[in-house]
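Asks: Quick one: this structure, given as structure tokens, is what I'll be asking you about.
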Amino acid sequence: MQFETGHNTVFNYDLQLMRHFRAVHHSEFVPAPNTIGNMALLPLRTKFRGPAPMNMDLEKDIIDEALYLFKSLIFLRQYELKSEADRVLVYLVLYILECLRKLQRCPDRTSGAKELAAMAISRFDIPGDPDFPRELNNMYAKPKNPTEMETMRGYLTQLRQELGVRLLDKVYRDDNSPPSKVGSTSENAYQHTLSLKIVL
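Heads up: the sequence shown begins at 1 in the UniProt record's numbering, then just goes up one per residue.
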């Protein structure tokens, strides 16, 4: 089964995974076992080390959820936050958009993997930083102290690394194929998302 955005096929999903998600726009991962700031600190199916518990036996995690709900979330006119996990979901959807814009310039999976790996660990702003997007300031609580700041940055890095790896499987059919035609899709979605109203 294919998941389409606009006229361009971007992601492929198997039916078994899709059955695990309800037809809603909010995260199923509630209540959060732990939090960092006001974001849920959730277990991940990943080999990347970080604050999030690593569990390769997870049937699904928040990254699966973000990839599955991507289209339905980016084209909403308004989104109401209902949980700490929703904040993680929104962050991941916005990061997917940034990844897709980056992959427009990558002719094959190898170059795409290098770009996303570098972007995942590059210096990025977190809540409380001066350059963190103003539109999101009211949505995310800034860290209370240096220890929490380090934990939050590590958690977001871990999410970015794992999401990048899984996104490559959706965008590239094999190592030598060009990316799916994500150019106009990601740009249109990005412009739409800029006008998305987040309801707290």
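For glycine and all other residues, C-beta sits at the position ideal for the given N, C-alpha and C.
According to DSSP, is Met1 helix, strand or coil?
Replies: As a first step, residue 1 must be located in the sequence shown, where it is residue number 1. Note that Met1 scores a pLDDT of 28, beneath 50, so its modelled location is shaky; the value from the coordinates is reported in the next line. Looking at Met1 - three-state DSSP - the assignment turns out to be coil, as it is neither helix nor strand.
Asks: Output yes or no for whether 8 Å exceeds the beta carbon distance between Leu97 and Ile62.
Replies: Residue 97 sits at position 97 when you count from the first residue of the sequence shown. Residue 62 sits at position 62 when you count from the first residue of the sequence shown. Not closer than 8 Å, so no.
Asks: Could you spell out where the beta strand (DSSP E) holding Gln104 opens and where it closes?
Replies: The count along the sequence shown starts at 1 and reaches residue 104 at position 104. Neither: Gln104 is in no beta strand (DSSP E) and is coded neither H nor E.
Asks: Please state whether DSSP places Ala118 in a helix, a strand or coil.
Replies: In the sequence shown, counting from the first residue as 1, residue 118 sits at position 118. DSSP places Ala118 in helix when its eight states are reduced to three.
Asks: Hey, is the segment 150–166 in contact with the segment 123–134, meaning 3+ C-beta pairs nearer than 8 Å?
Replies: Yes, the segment 150–166 touches the segment 123–134.
Asks: Put Ala40 into one of helix, strand or coil per three-state DSSP.
Replies: As a position in the sequence shown, residue 40 is number 40, starting the count at 1. Strand, per DSSP.
Asks: What's the C-alpha gap between Phe29 and Leu67?
Replies: In the sequence shown, counting from the first residue as 1, residue 29 sits at position 29. In the sequence shown, counting from the first residue as 1, residue 67 sits at position 67. Distance between the alpha carbons of Phe29 and Leu67 is about 15 Å.
Asks: Could you check what DSSP says for Glu80 in three-state terms: helix, strand or coil?
Replies: As a working note, residue 80 is residue 80 in the sequence shown. Strand, per DSSP.
Asks: So what's residue 220 in DSSP terms, helix, strand or just coil?
Replies: What is shown of the chain runs 1 to 200, which leaves residue 220 out entirely.
Asks: Pull the bridge partners of Thr147 from the DSSP assignment, please.
Replies: In the sequence shown, the residue the question calls residue 147 occupies position 147. Thr147 is not bridged to any residue.
Asks: If you drop the 5 nearest sequence neighbours on each side, which residues of the same chain put their C-beta closer than 8 Å to that of Ala23?
Replies: Within the sequence shown, numbered from 1, the residue matching residue 23 stands at position 23. Reliability of the predicted coordinates at Ala23 is poor, the pLDDT of 44 falling under 50, and no value is obtained from them.
Asks: Please confirm whether Gln158 and Phe48 have their CB atoms less than 8 Å apart.
Replies: Looking up residue 158 in the sequence shown gives position 158. Looking up residue 48 in the sequence shown gives position 48. It is a contact, given that the beta carbons lie within the stated cut-off.
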